[in-house]
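Heads up: the protein sequence lines correspond to chains A and B, in order.
Read in order, the letters of the first sequence are residues 488 to 715 in my numbering.
Read in order, the letters of the second sequence are residues 488 to 715 in my numbering.
See structure below.
There are 2 protein chains.
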Amino acid sequence: MDEGGTGSAEGPPGRGHRRIPEATVARLPLYLRCLLEVAESKTVTISSERLAEMAGVNAAKVRKDLSYLGSYGTRGVGYDVEYLLFQISRELGLTQDWPVVIVGIGNLGHALANYRGFGARGFRVVALVDADGSKVGEQIGELRVRHLEDLPAIAAEESVAIGVIATPAGAAQDVADRLVHAGVSSILNFAPALITVPEGVSLRKVDLSIELQILSFYQQRRAGVVAS
Amino acid sequence: MDEGGTGSAEGPPGRGHRRIPEATVARLPLYLRCLLEVAESKTVTISSERLAEMAGVNAAKVRKDLSYLGSYGTRGVGYDVEYLLFQISRELGLTQDWPVVIVGIGNLGHALANYRGFGARGFRVVALVDADGSKVGEQIGELRVRHLEDLPAIAAEESVAIGVIATPAGAAQDVADRLVHAGVSSILNFAPALITVPEGVSLRKVDLSIELQILSFYQQRRAGVVAS
DNA sequence: GCATGTGAATAGATTCACAGCG
DNA sequence: CGCTGTGAATCTATTCACATGC
């Protein structure tokens, strides 16, 4: 899918060594999370079956997904947890860290700015930006909110790779355009608006109201089935 | 995908009149949003081509998606905007309103509690809940935060249909269990944790770090291609 | 023996292309 | 004629089932 999830638009295929299916890419972070948990308990190896159980997927899927990365397992034994962790991290580009800018410092922007878990794994919020002059200068954690107009300078100084849009819907496309123009080539959009970006820019979206509406669909189905 | 979430786990198929593919269900909210925008400009009909362009998908996909709902278009003309709006709303269960409870009133919970857009379309936040006694009683908008222990009573009183989990990862599974136990059968999980629910409960997730990691993958690919 | 890795089979989603109808 | 609705073709993803190799 999503796609998903959530589903969402994708960047171009790129051309690394192997061609990894989109659906697999979307599951790698899931495996990563499970492996981190397993690693804490000093477990040395893990079978596809166990990993599948933890991730809530089918064991064959785990094996096929991992096989796209290479033959990192040992037949009759399983996968070395630490080694697999490293390989997945590397594949996901988490061995380097990516400077992130958050645009739109309202309720959600605040929450994102304070979110621990950026730093943990390869992402570092280097700037907070808002179009509203009255918010500029506000201190949040270690950062001070800067003006949207400064985006090109900020992006260049900090080599921003990823932009997070947390503005109202109406501003989202403009902000996306500015991000792209400033050289940011990965965008995560939280605004409830459809935005478009040029080829070569990755765009993913997180949309609360869409998720709720999908839940509503299935909720209604169940209610309907019960009633009939 | 997903899924999608952006990709995410689904509820059971249910058995309404028609069997609507999951991928289609995930796009209906998108069409709905586009149609709402079009409706404001007093446009009476819309072609699949135009709608596709707005939604950023292929026209054939729009037609096929809409055909699962019924034959609501007119050949040679297009779709009546108002009529289609109504049909999609009905299909998504948005003609009734769904009481929502938000569990976990930290940064994110606050942001969600203040989010306008719940009320707009069929969702109504009826309760805010937290396990931390020091947060109980805090006033947010029109609601006062209540204790997690009161969840069963709240769910029953308010006929809560949808639970939103905005707790830290460690608490997510416990909260999910409590929600299910209290009779909530749709859950939207924002916590960066894998949770499981029984058959008959829909679960979707919104996971910032997964989305960032997916972006990181494609970002790295592009960087790699440029470098080589 | 046992769990991986992978071709083959199946299922699901997208796109094509055109018949059908207003 | 124009645009919908939809079978057929294609592409993508999932699952099966077993040969392979530690």
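The C-beta atom is built at its ideal place from N, Cα and C for all residues, glycine as well.
Give the straight-line distance between the Cα atoms of A/Gln660 and A/Ser576, rounded to the nearest whole angstrom.
So the two alpha carbons sit approximately 31 Å from each other.
Rounded to whole angstroms, what's the CA-CA distance from A/Ser495 to A/Arg691? Just pull it up for me.
Here A/Ser495 scores only 39 on pLDDT, less than 50, and its place in the model should not be relied on; the value that follows carries that caveat. Going by the C-alpha atoms only, they are around 5 Å apart.
Less than 8 Å between CB atoms is the rule here; does A/Gln700 satisfy it with respect to chain B?
yes
Counting beta carbon pairs with one atom in the region 586-606 of chain A and one in the region 639-655 of chain A, are three or more of them shorter than 8 Å?
yes
Spatial distance of A/Ile682 from B/Cys521 (CA atoms)
12 Å
Under 8 Å, CB to CB, which of the residues in the region 510-542 of chain B have a partner in chain A?
Ala510, Val512, Ala513, Leu515, Pro516, Leu517, Leu519, Arg520, Cys521, Met541, Ala542
Tell me, please, whether the CB atom of A/Gln707 is closer than 8 Å to any CB atom in chain B?
yes
When the Cα atoms are used, what is the spatial distance from A/Ile627 to A/Asn601?
The straight-line gap from Cα to Cα measures roughly 8 Å.
According to a CB-to-CB cut-off of less than 7 Å, which residues of the region 655-683 of chain A neighbour chain B?
Ser672, Ser673, Leu675, Pro679, Leu681, Thr683
Do you know how far the Cα of A/Ser646 is from the Cα of A/Glu698?
32 Å
Consider the Cβ of A/Phe610: report whether some Cβ of chain B lies at a distance smaller than 8 Å.
Chain B contact via Cβ: present.
So the alpha helix (DSSP H) B/Ser535 belongs to, where does it begin and stop?
535-542
Is the shortest distance between the beta-carbon of B/Gly494 and the beta-carbons of chain A less than 8 Å?
Any answer about B/Gly494 is weak, because its pLDDT of 35 lies below 50 and its placement is not dependable; what the coordinates show is given next. Yes, because at least one Cβ of chain A sits closer than 8 Å to the Cβ of B/Gly494.
Tell me which residues share the same chain as B/Leu635 and place their Cβ nearer than 6 Å to its Cβ, disregarding the 5 neighbours each side in the sequence.
Take B/Leu635, set aside five residues on each side of it, and the residues of its chain with a beta-carbon closer than 6 Å to its own are Val616, Ala618, in chain order.
Contacting residues, own chain, Cβ-Cβ under 6 Å from A/Ile507 (five flanking each side not counted)
So the qualifying residues of the chain are Tyr555.
If you measure beta-carbon to beta-carbon, which residues of the region 622-655 of chain A are closer than 7 Å to chain B?
Within the region 622-655 of chain A, the residues whose Cβ lies closer than 7 Å to some Cβ of chain B are Ala648, Ile649, listed in chain order.
So B/Ser703 and A/Gly580 are supposed to be a Cβ contact under 8 Å. How far apart are they, rounded?
4 Å
With a threshold of 7 Å on Cβ separation, who are the neighbours of B/Arg608 within its own chain once the five nearest residues in sequence on each side are excluded?
Leu581
Can you list, in chain order, the residues of its chain whose CB lies under 7 Å from that of B/Val623, leaving out five sequence neighbours each side?
The answer, listed in chain order, is Asp617, Val632, Arg633, His634.
Measuring CA to CA, which of B/Ser621, B/Ala656, B/Tyr566, B/Val662 is closest to B/Pro639?
B/Val662
Length of the line joining the Cα atoms of A/Pro655 and A/Gln707:
29 Å
Alpha-carbon to alpha-carbon, A/Thr561 and A/Thr530:
15 Å
Taking the C-alpha atoms as reference points, what is the distance between B/Leu675 and B/Ala658?
14 Å
Return the Cβ separation of A/Ser534 and A/Gly557 in integer angstroms, given the expectation that the two are a contact with Cβ distance under 8 Å.
In fact, because the Cβ distance is near 18 Å, the residues do not count as touching under 8 Å.
Drop a sphere of 10 angstroms on the beta-carbon of A/Pro685, count the other beta-carbons inside from all chains shown, and report buried for 16 or more, exposed for fewer.
exposed
Going straight from the alpha carbon of A/Phe573 to that of A/Pro516, what length do you get?
12 Å
For a test of the three-state rule: what should DSSP assign to A/Arg505, helix, strand or coil?
coil
Contact with chain B by A/Ser703, beta-carbon distance below 8 Å
yes
How would you list, in chain order, the residues of chain A whose beta-carbon sits under 9 Å from the beta-carbon of B/Arg505?
In chain order: nothing, as chain A lies at least about 11 Å away.
If you follow the beta strand (DSSP E) that A/Asp617 is part of, which residue opens it and which one closes it?
Counting along the chain, A/Asp617 sits inside the beta strand (DSSP E) bounded by residues 610-617.
B/Glu536 vs B/Ala526 beta-carbon contact at 8 Å
no
Tell me which residues of the region 594-609 of chain B have at least one Cβ-Cβ distance to chain A shorter than 9 Å, keeping chain order.
Asn594, Leu595, Gly596, His597, Ala598, Leu599, Ala600, Asn601, Tyr602, Gly604, Phe605, Ala607, Arg608, Gly609
CB contact check: B/Gly498 to chain A, cutoff 8 Å
Its pLDDT being 39, under 50, B/Gly498 is placed unreliably by the model, and nothing is read from it.
Which same chain residues end up closer than 7 Å to B/Val613 when comparing Cβ atoms and leaving out the 5 residues on each side of it in sequence?
Once the five neighbours on either side are set aside, the close Cβ partners of B/Val613 are Pro586, Val587, Val588, Glu645, Val647.
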